Amino acid sequence: MKASLRELAGAIGARLIGEDAEVTGVASVESAAAGKLVFAQDEKLLARCMQSPAAAVIAGEFAANAASPKPRLISGQPRLTFARAAAWFGAQEAFAATIDSTAVVATSAKLGHGIGVGALAVIEENACIGDRTRIGAGCVVGVGVEIGEDCTLFPNVTIYAGTRVGRRVIVHSGAVLGGDGFGYVRDQVSGHYEKFPQMGRLEIEDDVEIGANTTIDRGALDLTRIRRGTKIDNLVHIAHNVEIGEDVVIAAQTGISGSCVIGSGAVIGGQVGIGDHARIEEGVILGSGSGVLSNKTVRGKGIVFWGTPARPLKDHLKTLAALARLAKK
Amino acid sequence: MKASLRELAGAIGARLIGEDAEVTGVASVESAAAGKLVFAQDEKLLARCMQSPAAAVIAGEFAANAASPKPRLISGQPRLTFARAAAWFGAQEAFAATIDSTAVVATSAKLGHGIGVGALAVIEENACIGDRTRIGAGCVVGVGVEIGEDCTLFPNVTIYAGTRVGRRVIVHSGAVLGGDGFGYVRDQVSGHYEKFPQMGRLEIEDDVEIGANTTIDRGALDLTRIRRGTKIDNLVHIAHNVEIGEDVVIAAQTGISGSCVIGSGAVIGGQVGIGDHARIEEGVILGSGSGVLSNKTVRGKGIVFWGTPARPLKDHLKTLAALARLAKK
Amino acid sequence: MKASLRELAGAIGARLIGEDAEVTGVASVESAAAGKLVFAQDEKLLARCMQSPAAAVIAGEFAANAASPKPRLISGQPRLTFARAAAWFGAQEAFAATIDSTAVVATSAKLGHGIGVGALAVIEENACIGDRTRIGAGCVVGVGVEIGEDCTLFPNVTIYAGTRVGRRVIVHSGAVLGGDGFGYVRDQVSGHYEKFPQMGRLEIEDDVEIGANTTIDRGALDLTRIRRGTKIDNLVHIAHNVEIGEDVVIAAQTGISGSCVIGSGAVIGGQVGIGDHARIEEGVILGSGSGVLSNKTVRGKGIVFWGTPARPLKDHLKTLAALARLAKK
């Protein structure tokens, strides 16, 4: 893959300063070979980039007048522009839009144009796969599942019957979408647990990414819903009937119990635990390892909460300091 | 699927009040369409059910004399009866008792009557599958595994060689049963770890349900055992040589270290951590996020423990309150 | 499988005392049948072993003069010698070095001698598999993956394109190696997250073992690296750009955030959380459930740290004691 800086600048909305040159992809400044594109957020990084063998540097306005012959792509958000450059190169890569002869695709499944289905993948009855979507080797797409356009399922993903997935969704290997929630009724006579119905559905909107071995359960009777643009890391658990807003970020190994509501723009650290029926409101930031008790509401756009039970960071730090004093007595 | 209320009442042990009608399944009161069956635990919910388009309501004795033309199924445990109605409808659904032509089944495997094996599932040598059990697409059932009658393995489950699974067991996608435990011996000379044998077995009794991407290891030299009726959520880890009693409930992302013993009827919240060789005695309730240290015993039927190290809830709340006071000083 | 004690003693470096006999494998003292080999670390266990039906006992020097007719294999590290005896028996077991006819192996893949590929495994273009390596049923080995000699992949492992795996590596079912890290750039204008490139690689050195459903991400632009001899339990998460030293032990459900460095010989308990860019130096022991904040360094060979934020065990215990006093006031 090769591109001219001028062509790339146009595609990603940056301003070229210096001579046009050919670039072959992005790299870190530490490992950049000739022909690669690197990025700098500040003067110090810019100096390192300038000395690297990289062909060009994406940087902020501060780099426009730098005294260096190396070409620059100037952008208001250089890290974002770098990400878009990488995505642009990725999009140019050929992709085998073929259905592997060893895949098992139900005749009733509806397949869009230009889709790729990997070896030994299974697409069950009445599933519906959008244009240009890629299903990795060994995936199992259940009965009646709907997947939108331009999605990528990495190998060995499992999607239970009836789940709906939007457009441009990325699902990593081992993720299980739409499994039964954890709900039982205890028979007061025998003391045994019997399964409460888990027959609702899981809906995942556009531009969501789901990490490896993450599990998201279907609703018990109604919906579990993950809204547009939300990004979920590896080994996360999302229980039945949860509603997650738009542009939420959830780091690895966090668990969200049944019927929680997470507002748009929330940022949830790793290994957080949220009890059932809790509400995390719009824009809340929950530090790693925090715990939110059942039925609680956590509120405050841009406010960082930490600890168990989660409190504003300031209060949490006060408690830690008090504890440290106490231990010294 | 259709049933008369009278037929269903007989099947699930409820008393019909009002006119017989046809019902087509269960639903939540929020989403119930005509023909659906809903349930109410109290007067307030009953009022909502009565106003919904649902065909009938399962409710407690309190609803027997309600002034409404909508038919009711009266039961001492309405939520349980609702769960049984859902199960009854599920059991009526046709199920393809066929072995998919793309499944790879060893000729030495013993298959019961009426079993279903999904596309591209693998059943290895000398495995033994009970009558009416369903093996989902992409599952791998190892050498010599024994699975009882009426089990359901969702797609992409892995069962290591020699594991025994009882009857009516449900295993969700991505679960790994009978993997090697985490045991090594450090060579005092080289400082390297060498694998301690992990050649015991995993036994899972009847009526257990195991969540998606949960891992349960085989015993090192002897057994790991999960007893009848225990329910395990997603992403739970159960280490080698653990013994879990009957009717235990374990919520998501909990980890139980090697050689622990969990008594019958215990309820273990999400993200709990239990150190090796700990004993959680019969009927103990461990709050979410609690930690139990190695070799400790937690005792007290029906008593709620919380925190790390886990203490009775009352003591835990006192500590939290004291901490809050301290931070204010 | 049968062996004489004399032959085995030679193979595992132990000294035979008593008559030679035939042994058929190892067992725990609780379950040992005739013909089995057991081990004893102390006099008390030795007495139990001597009374068991086992054919012989591996024990320390203390057992050399024990008054018993049962043969002994004497070793300076009896538990280690027992582990080696088990490994020796395992290595004698026949293993089907065949490529199952249902596996899908790209013609460009390079396969070593004597390798085994299970049913319905997928080996993609230009992958390279070393001699005597076994790939379990349902595994997916991505484009250009390199796997060394004598490795074992249990069923349903997924390895993303470009990952490199050393020799004698064991990977348990459901593990996902080399998946995309969790990295995004937020567009300050739209508020949406866009994917930061995750195109680095994962390198796993010799003698590593990786537990079931564990996820290890590739580097964003450069490497994630797991060095020789490190052992990782089930459901562990290791993020992009992490470097883990040699002979590190990581127990189940621990999460290691991006760009952390873990020194050789560190021991990390279960459910530990380590924030991004933290350094755990050589030989540190982190107790289960501990938390290390981002950018922190934890230092001290052989020193046990506990709690969140992790502190030396002594300090942690002082705090717990102070808290207990406080709650009693």
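Protein chains in written order, with my numbering: chain L, 1 to 329; chain P, 330 to 658; chain G, 659 to 987.
We put the beta carbon where it would ideally sit given N, CA and C, even for glycine.
Owing to the predicted nature of the structure, the values given are computational and were not obtained by experimental measurement.
Pick helix, strand or coil for residue i, following the three-state DSSP scheme.
i, result
"L:Asp233", "coil"
"P:Asp546", "strand"
"G:Ala982", "helix"
"L:Leu82", "Leu is not the amino acid found at residue 82 of chain L; the sequence shown has Phe there. L:Phe82: helix per DSSP, three-state reduction."
"L:Lys110", "strand"
"L:Thr297", "strand"
"L:Ile280", "strand"
"P:Ile341", "helix"
"L:Glu22", "strand"
"G:Glu867", "strand"
"G:Lys972", "helix"
"L:Glu243", "strand"
"L:Glu93", "coil"
"P:Thr553", "strand"
"P:Glu359", "coil"
Which residues in chain P sit within 7 Å of residue i, going by Cβ to Cβ distance?
i, result
"L:Lys318", "Ala656"
"G:Ala685", "Leu550"
"G:Asp891", "Phe511"
Please look up how many angstroms separate the CB atoms of residue i and residue j, rounded, as I've assumed it's under 8 Å.
i, j, result
"P:Gly520", "G:Asp905", "6 Å"
"L:Gly265", "L:Glu282", "6 Å"
"L:Arg168", "L:Cys151", "7 Å"
"P:Arg281", "P:Ile341", "Residue 281 of chain P is absent from the structure shown; chain P starts at 330 and stops at 658."
"L:Leu73", "L:Leu16", "6 Å"
"L:Leu317", "P:Leu564", "Rounded, the Cβ-Cβ distance is 31 Å, inconsistent with contact."
"P:Ile603", "P:Ser617", "Between P:Ser617 and P:Ile603 the Cβ distance is about 13 Å, and since that is not below 8 Å, they are no contact."
"P:Val537", "P:Gly558", "7 Å"
"L:Ala14", "L:Ser75", "4 Å"
What in chain G is Cβ-close to residue i, meaning under 7 Å?
i, result
"P:Phe525", "Ala741"
"L:Leu120", "Val762, Leu778, Val780"
"L:Val298", "The premise fails here: L:Val298 is roughly 19 Å from chain G at the closest Cβ pair, so nothing lies under 7 Å."
In terms of alpha-carbon separation, which member of the options lies closest to residue i?
i, options, result
"G:Asn953", "G:Leu975, G:Val900, G:Ser710", "G:Val900"
"G:Gly788", "G:Val798, G:Ala667, G:Ala910, G:Gly806", "G:Gly806"
"G:Ser726", "G:Gly734, G:Pro736, G:Ala714", "G:Ala714"
"P:Ala388", "P:Phe368, P:Pro641, P:Val433, P:Gly636", "P:Phe368"
"G:Leu944", "G:Gly933, G:Leu663, G:Asp934, G:Val956", "G:Val956"
"L:Leu5", "L:Phe82, L:Ser28, L:Phe62", "L:Phe82"
"P:Asn542", "L:Met50, L:Ala66, L:Arg186, L:Val157", "L:Val157"
"G:Asp875", "G:Lys853, G:Gly839, G:Asp891, G:Glu863", "G:Gly839"
"G:Gln846", "L:Val29, L:Asp315, L:Ala3, L:Pro78", "L:Pro78"
"P:Gly620", "G:Val798, G:Asp700, G:Leu703, G:Gly927", "G:Gly927"
"P:Ala581", "P:Trp635, P:Lys560, P:Gly574", "P:Lys560"
"G:Ala744", "P:Gly339, P:Asp644, P:Gly364, P:Ala549", "P:Ala549"
"L:Ala34", "L:Gln92, L:Leu46, L:Ala21", "L:Ala21"
"P:Gly629", "P:Thr462, P:Val596, P:Ser588", "P:Val596"
"G:His771", "G:Gly824, G:Leu778, G:Arg792", "G:Arg792"
"G:Lys768", "G:Ala685, G:Ala785, G:Ile757", "G:Ala785"
"G:Val762", "L:His172, L:Gly138, L:Gln92, L:Ile123", "L:Gly138"
"P:Asp429", "P:Ser381, P:Gly465, P:Ala650", "P:Gly465"
Which residues of chain L have a Cβ atom closer than 7 Å to the Cβ of residue i, listed in chain order?
i, result
"G:Phe812", "What G:Phe812 touches in chain L: nothing, since even the nearest Cβ is about 13 Å away."
Can you list the residues of chain L that residue i reaches, using a CB-CB cut of under 8 Å?
i, result
"G:Leu971", "What G:Leu971 touches in chain L: nothing, since even the nearest Cβ is about 13 Å away."
"P:Glu422", "Neighbours of P:Glu422 on chain L: none; closest Cβ ~11 Å, over 8 Å."
"G:Asp758", "Ordered by position in chain L, no residue passes the 8 Å Cβ test against G:Asp758, which lies about 12 Å from the chain."
"P:Leu652", "Thr319, Ala322, Leu323"
"P:Ala426", "Chain L residues near P:Ala426: none, gap ~16 Å exceeds 8 Å."
"P:Val578", "Tyr184, Tyr193"
What in chain G is Cβ-close to residue i, meaning under 8 Å?
i, result
"L:His237", "Within chain G, no residue comes near L:His237; the closest Cβ sits about 11 Å away, beyond 8 Å."
Can you list the residues of chain P that residue i reaches, using a CB-CB cut of under 8 Å?
i, result
"L:Asp187", "Gln406, Leu409"
"G:Gly887", "His521, Tyr522"
For a contact meaning CB atoms closer than 9 Å, what does residue i contact in chain L?
i, result
"P:Glu348", "Those within 9 Å of P:Glu348 in chain L number zero; the least Cβ separation is about 25 Å."
>> Which runs of the beta strand (DSSP E) at least 3 residues long sit entirely within the region 449 to 521 of chain P? Give them in chain order.
In response: The beta strand (DSSP E) runs of length 3 or more contained entirely in the region 449 to 521 of chain P are, from start to end of the chain, 505 to 508, 513 to 515.
> Hey, which unbroken runs of the alpha helix (DSSP H) at 4 residues or more fall wholly within the region 371 to 419 of chain P?
Replying inline: Qualifying alpha helix (DSSP H) stretches, in chain order: 372 to 380.
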